[in-house]
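*Asks:* Structure below; questions to follow.
There are 2 protein chains.
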Amino acid sequence: MAEALHTVHVNLAADSLERSYPIEIGRGLLTDTSRWQQWVGGRGVVLVTDDQVGPHYAASLHSALGEVGRFTTVQLPAGEQHKHMGTVQQILDAALGDRHERQSLFIALGGGVIGDMTGFAAACFLRGADFIQVPTTLLAQVDSSVGGKTGVNHAMGKNLIGAFHQPRRVVVDLDTLGTLPEREYVAGLAEVIKYGLIRDSAFFDWLIQHASDLKARHLETVATAVRRSCEVKAAVVAEDERESGARAHLNFGHTFGHAIERIQGYGQWLHGEAVAAGMVMAARLSSARGAIEPATVAQLIDFNQSLGLPIGPPPGVTASKLLDAMSSDKKVAAGKVRYILLQRLGSPVITESVTKRDIEGLIDA
Amino acid sequence: MAEALHTVHVNLAADSLERSYPIEIGRGLLTDTSRWQQWVGGRGVVLVTDDQVGPHYAASLHSALGEVGRFTTVQLPAGEQHKHMGTVQQILDAALGDRHERQSLFIALGGGVIGDMTGFAAACFLRGADFIQVPTTLLAQVDSSVGGKTGVNHAMGKNLIGAFHQPRRVVVDLDTLGTLPEREYVAGLAEVIKYGLIRDSAFFDWLIQHASDLKARHLETVATAVRRSCEVKAAVVAEDERESGARAHLNFGHTFGHAIERIQGYGQWLHGEAVAAGMVMAARLSSARGAIEPATVAQLIDFNQSLGLPIGPPPGVTASKLLDAMSSDKKVAAGKVRYILLQRLGSPVITESVTKRDIEGLIDA
Numbered sequence: 018m019a020e021a022l023h024t025v026h027v028n029l030a031a032d033s034l035e036r037s038y039p040i041e042i043g044r045g046l047l048t049d050t051s052r053w054q055q056w057v058g059g060r061g062v063v064l065v066t067d068d069q070v071g072p073h074y075a076a077s078l079h080s081a082l083g084e085v086g087r088f089t090t091v092q093l094p095a096g097e098q099h100k101h102m103g104t105v106q107q108i109l110d111a112a113l114g115d116r117h118e119r120q121s122l123f124i125a126l127g128g129g130v131i132g133d134m135t136g137f138a139a140a141c142f143l144r145g146a147d148f149i150q151v152p153t154t155l156l157a158q159v160d161s162s163v164g165g166k167t168g169v170n171h172a173m174g175k176n177l178i179g180a181f182h183q184p185r186r187v188v189v190d191l192d193t194l195g196t197l198p199e200r201e202y203v204a205g206l207a208e209v210i211k212y213g214l215i216r217d218s219a220f221f222d223w224l225i226q227h228a229s230d231l232k233a234r235h236l237e238t239v240a241t242a243v244r245r246s247c248e249v250k251a252a253v254v255a256e257d258e259r260e261s262g263a264r265a266h267l268n269f270g271h272t273f274g275h276a277i278e279r280i281q282g283y284g285q286w287l288h289g290e291a292v293a294a295g296m297v298m299a300a301r302l303s304s305a306r307g308a309i310e311p312a313t314v315a316q317l318i319d320f321n322q323s324l325g326l327p328i329g330p331p332p333g334v335t336a337s338k339l340l341d342a343m344s345s346d347k348k349v350a351a352g353k354v355r356y357i358l359l360q361r362l363g364s365p366v367i368t369e370s371v372t373k374r375d376i377e378g379l380i381d382a
Numbered sequence: 018m019a020e021a022l023h024t025v026h027v028n029l030a031a032d033s034l035e036r037s038y039p040i041e042i043g044r045g046l047l048t049d050t051s052r053w054q055q056w057v058g059g060r061g062v063v064l065v066t067d068d069q070v071g072p073h074y075a076a077s078l079h080s081a082l083g084e085v086g087r088f089t090t091v092q093l094p095a096g097e098q099h100k101h102m103g104t105v106q107q108i109l110d111a112a113l114g115d116r117h118e119r120q121s122l123f124i125a126l127g128g129g130v131i132g133d134m135t136g137f138a139a140a141c142f143l144r145g146a147d148f149i150q151v152p153t154t155l156l157a158q159v160d161s162s163v164g165g166k167t168g169v170n171h172a173m174g175k176n177l178i179g180a181f182h183q184p185r186r187v188v189v190d191l192d193t194l195g196t197l198p199e200r201e202y203v204a205g206l207a208e209v210i211k212y213g214l215i216r217d218s219a220f221f222d223w224l225i226q227h228a229s230d231l232k233a234r235h236l237e238t239v240a241t242a243v244r245r246s247c248e249v250k251a252a253v254v255a256e257d258e259r260e261s262g263a264r265a266h267l268n269f270g271h272t273f274g275h276a277i278e279r280i281q282g283y284g285q286w287l288h289g290e291a292v293a294a295g296m297v298m299a300a301r302l303s304s305a306r307g308a309i310e311p312a313t314v315a316q317l318i319d320f321n322q323s324l325g326l327p328i329g330p331p332p333g334v335t336a337s338k339l340l341d342a343m344s345s346d347k348k349v350a351a352g353k354v355r356y357i358l359l360q361r362l363g364s365p366v367i368t369e370s371v372t373k374r375d376i377e378g379l380i381d382a
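Those protein sequences? They're chains C and B, same order as listed. Residue numbering for the first sequence follows this note's numbering, beginning at 18 and increasing consecutively. Residue numbering for the second sequence follows this note's numbering, beginning at 18 and increasing consecutively.
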């Protein structure tokens with residue numbers, strides 16, 4: 018029997034109520050036939066997954082759906098390097114080839130890459146079909162599945178092509194973390210601690226205290242961490258669905274992180290690992306300005322190290338390369354790189370006043 | 018000096034005011050520097066056009082823009098056969114290659130194909146950039162540039178991939194009709210008379226009376242026809258931005274029209290020509306049910322014939338082929354083809370109760 022431990026509601030204030038949706042967090046949700054039958058309601062289903070997650074969960078989910086209209090499975094090769102328009106086109110070809118209609122429901126079963134591509138395909142399919150996110154990685158559960166950002170990478174950078182398209186529902190089945198490789202699980206914790214840093218100092222403290230339970234994947238600790246992460250993300254998204262203001266705060270650590278990924282080439286470090294390094298860099302800059310305690314930076318570094326996350330850029334990443342890579346980030350407004358730092362623990366600030374010398378200082382550290 | 022004869026406001030009732038926008042109809046608008054500088058406001062510009070329209074107007078529009086940020090021109094091959102994802106990808110590659118930012122403005126200078134692709138590219142560019150429609154064909158001026166439907170064709174059918182993305186402004190410069198080939202101009206009039214048929218019997222009568230002035234492209238007559246068409250379309254779109262109800266009425270003549278295009282292969286008949294034939298078919302069915310006068314059908318047929326528009330499907334199109342093609346149309350709900358007929362002149366009705374025999378009757382006629 019499925020157990021829903023928590024439900025978080027994403028309320029999109031600026032839009033109509035029908036676009037608000039629940040994030041359900043629990044165990045056994047993936048195979049809970051009665052829930053799925055209610056959610057799908059006999060519509061057609063396009064189930065998109067990858068060749069790492071699909072073999073574990075696609076068949077059980079398919080059974081749980083019960084009687085549906087047309088049913089299509091698209092199993093894609095796993096990995097960020099496949100997150101491009103060609104793969105989205107494959108999803109669309111399959112859905113159109115099977116003559117799905119606008120009423121059909123797309124289901125994204127996998128990590129962030131699958132969620133982003135499935136959401137984008139659903140956004141473009143007949144100008145907009147419904148989709149449900151079933152994130153199976155911690156990173157996707159606490160970050161990419163919440164907030165409606167969908168899209169793909171381009172030779173010029175990450176997530177440069179896409180759409181805002183909100184899922185109808187996010188189904189976080191914590192049981193799926195059981196098959197998640199250690200390295201990916203830990204990378205997800207980087208985004209979790211980000212929410213503490215930018216919005217909730219008590220949550221930051223709680224995470225620091227529970228680092229070993231988190232590492233051990235203690236169920237209730239993980240459930241609480243996921244719930245609080247989703248609550249923070251949902252609150253930010255509700256304030257600012259289209260990323261004109263507060264939503265930019267979610268990019269704490271990401272300006273540096275994306276730059277590191279670009280310089281290394283995607284697939285070297287996991288996204289969460291690059292963000293972990295980027296957050297230490299942003300925290301160091303904040304501390305150097307006296308905005309947060311050096312002890313907080315030390316706590317973050319300890320947290321990362323205890324989990325095996327990086328605490329700075331990899332060898333060979335120079336300040337010049339970072340600046341180059343950052344200036345082509347899509348968040349760049351009028352040629353100025355905007356840095357997200359902390360003005361105190363739990364409260365971010367956006368600034369353009371970071372010098373090359375500041376960044377050289379970070380590399381030396 | 019530019020002359021704005023009419024301004025129509027598109028109010029998207031269900032959404033925030035910032036998404037409402039004006040359609041300006043007049044002469045000399047394309048080269049009106051003071052207007053363009055106000056509209057662009059120094060932002061970057063991605064100007065998309067095709068190799069038929071670009072040579073006539075792109076340079077003048079570029080001059081009128083004055084001082085802008087980054088400027089990119091994308092000149093695409095003209096024609097519906099290029100309306101696919103590969104071409105949208107070209108637009109995105111150019112915009113990303115020149116490092117445009119989310120603040121840049123896309124301008125679609127051309128007919129419906131350019132407008133649909135540019136709008137879709139803008140929708141996907143960094144998850145949504147602004148765009149302005151500068152429709153240069155009558156069809157685009159009265160139909161595709163208004164309402165926010167953007168997208169491309171797919172091997173499975175027309176407009177199957179896309180987004181709803183409203184332009185910030187539609188600039189209808191009637192001077193651009195001067196270079197429009199006769200056949201394309203006339204095809205646009207098919208959509209004009211559609212508005213009379215589905216919404217405004219007085220406008221239908223007015224168009225029947227002014228058929229020869231329209232054919233002669235008498236400026237004030239054309240301006241009035243464009244204005245009234247935009248008003249009707251704007252009213253329908255405001256009622257139903259996402260095509261769940263009233264907006265389906267705009268597809269009067271299109272279920273048959275799209276099917277004819279699919280059977281023939283795109284590029285044989287112009288879209289407006291196929292719709293002209295489809296409208297006669299839908300009008301005949303409506304008349305056979307006693308919903309409109311046979312005299313109205315006769316007026317429509319005369320109108321089409323005086324302009325050189327078709328009044329039925331081309332030879333070789335059988336009822337079976339039509340039914341096959343229609344059942345793969347994306348407007349198909351739960352496998353049922355929905356026909357848009359008239360319940361009286363100026364008022365449409367949606368029905369599924371059209372038999373194969375009914376359609377055979379149309380072919381014989």
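Where a beta carbon is used, it is the ideal one built from N, C-alpha and C, also for glycine.
Just how far apart, CA to CA, sit A125(B) and I131(B)?
*Replies:* Whole-angstrom Cα-Cα distance: 6 Å.
*Asks:* Assign S162(C) to one of three DSSP states: helix, strand, or coil.
*Replies:* Here S162(C) sits in coil by DSSP.
*Asks:* According to a CB-to-CB cut-off of less than 7 Å, which residues of the region 178-190 of chain C neighbour chain B?
*Replies:* I178, G179, A180 and F181
*Asks:* What is the DSSP secondary structure of D110(B), reduced to helix, strand or coil?
*Replies:* helix
*Asks:* Does the beta carbon of S401(C) sit closer than 8 Å to a beta carbon anywhere in chain B?
*Replies:* Residue 401(C) is absent from the structure shown; chain C starts at 18 and stops at 382.
*Asks:* Return the chain-ordered ranges of every alpha helix (DSSP H) run that is complete within the region 294-363 of chain B and spans a minimum of 4 residues.
*Replies:* Scanning the region 294-363 of chain B from its first residue to its last, the whole alpha helix (DSSP H) runs of 4-plus residues come out as 311-324 and 336-344.
*Asks:* Using 10 angstroms around the beta-carbon of Q69(C), count the other beta-carbons present and answer buried if the total reaches 16, otherwise exposed.
*Replies:* buried
*Asks:* Using the Cα positions of G96(C) and G284(C), report the straight-line distance between them to the nearest angstrom.
*Replies:* 8 Å
*Asks:* Could you pull out every residue in the same chain whose Cβ sits closer than 8 Å to the Cβ of R116(B), ignoring the five residues on either side in sequence?
*Replies:* Excluding sequence neighbours, R116(B) sits near R87.
*Asks:* Quick check on K250(B): buried or exposed, where buried means 16 or more other Cβ atoms within 10 Å of its Cβ?
*Replies:* Around the C-beta of K250(B), 16 or more other C-beta atoms lie within 10 Å, and the residue is accordingly described as buried.
*Asks:* Please classify L90(B): does DSSP put it in a helix, a strand, or coil?
*Replies:* Strictly speaking, residue 90(B) in this sequence is Thr, with Leu absent from that position. Correct three-state label for T90(B): strand.
*Asks:* In the DSSP output, what is Q150(C) paired with across the bridge?
*Replies:* In DSSP, Q150(C) forms a bridge with A125(C) and V187(C).
*Asks:* Straight-line CA distance for E35(B) to I277(C)?
*Replies:* Residue placement at E35(B) cannot be trusted, given a pLDDT of 48 that sits under 50; what the coordinates show is reported in the next sentence. If you take the alpha carbons of E35(B) and I277(C), they lie about 37 Å apart.
*Asks:* Using the beta-carbon of each residue, which ones in chain C are nearer than 8 Å to I340(B)?
*Replies:* It should be noted that the sequence gives Leu, not Ile, for residue 340(B). Result: empty, since nearest Cβ-Cβ is about 15 Å, beyond 8 Å.
*Asks:* Mind checking whether F320(C) and A382(C) have CB atoms under 8 Å apart?
*Replies:* no
*Asks:* Answer yes or no: do F123(B) and V63(B) have a C-beta to C-beta separation smaller than 8 Å?
*Replies:* yes
*Asks:* Taking I318(C) and V297(C) to be in contact with their CB atoms under 8 Å, please state how far apart those CB atoms are, rounded to whole angstroms.
*Replies:* 6 Å
*Asks:* Check V62(B) in the structure and name its three-state DSSP category.
*Replies:* Three-state DSSP puts V62(B) in a strand.
*Asks:* Taking R264(C) as the reference, give the member of A75(C), S364(C), E369(C) and L78(C) with the closest Cα.
*Replies:* S364(C)
*Asks:* Of all the residues that make up the region 96-111 of chain C, which are near chain B by a beta-carbon distance shorter than 7 Å?
*Replies:* M102, Q106 and L109
*Asks:* In chain B, what lies closer than 7 Å to G168(C) by C-beta?
*Replies:* R144
*Asks:* Using the rule of at least 16 other Cβ atoms within 10 Å of the residue's Cβ for burial, across every protein chain shown, is T135(C) buried or exposed?
*Replies:* buried
*Asks:* First and last residue of the alpha helix (DSSP H) that includes P72(B)?
*Replies:* G71 to L82
*Asks:* Taking Cβ to Cβ, would you say G270(C) is nearer than 8 Å to K175(C)?
*Replies:* no
*Asks:* For F221(B), which option in L231(B), K232(B), D230(B) and V209(B) has the closest C-alpha, if you only look at C-alpha atoms?
*Replies:* V209(B)
*Asks:* What number of angstroms, rounded off, separates the C-alpha of A252(B) from the C-alpha of V243(B)?
*Replies:* Each residue's alpha carbon lies about 14 Å from the other.
*Asks:* Could you please give me the residues that DSSP links to V292(C) through a beta bridge?
*Replies:* DSSP lists no bridge partner for V292(C).
*Asks:* Using a C-beta to C-beta distance shorter than 9 Å, which residues of chain B count as neighbours of G114(C)?
*Replies:* A172 and M173
*Asks:* Considering only their Cβ atoms, is the gap separating I40(C) from V203(C) smaller than 8 Å?
*Replies:* no
*Asks:* Output the residue ranges of the alpha helix (DSSP H) runs that lie fully inside the region 203-244 of chain C and measure 4 residues or longer, sorted by chain position.
*Replies:* 218-226 and 228-232
*Asks:* So who's on the other strand from F142(C), going by DSSP bridges?
*Replies:* I178(B)
*Asks:* With 16 other CB atoms within 10 Å as the buried threshold, where does S344(B) fall?
*Replies:* exposed
*Asks:* Under DSSP, the alpha helix (DSSP H) around H275(C) begins and ends at which residues?
*Replies:* H271 to Q281
*Asks:* Could you give the residue range of the alpha helix (DSSP H) that holds V371(B)?
*Replies:* No alpha helix (DSSP H) contains V371(B), which DSSP labels as neither H nor E.
*Asks:* Got a sec? Which residues, its chain only, sit under 6 Å from P392(B) by beta carbon, not counting five neighbours each side?
*Replies:* The requested residue 392(B) does not occur in the structure, where chain B is confined to residues 18 to 382.
*Asks:* Helix, strand or coil for H101(B) per DSSP?
*Replies:* coil
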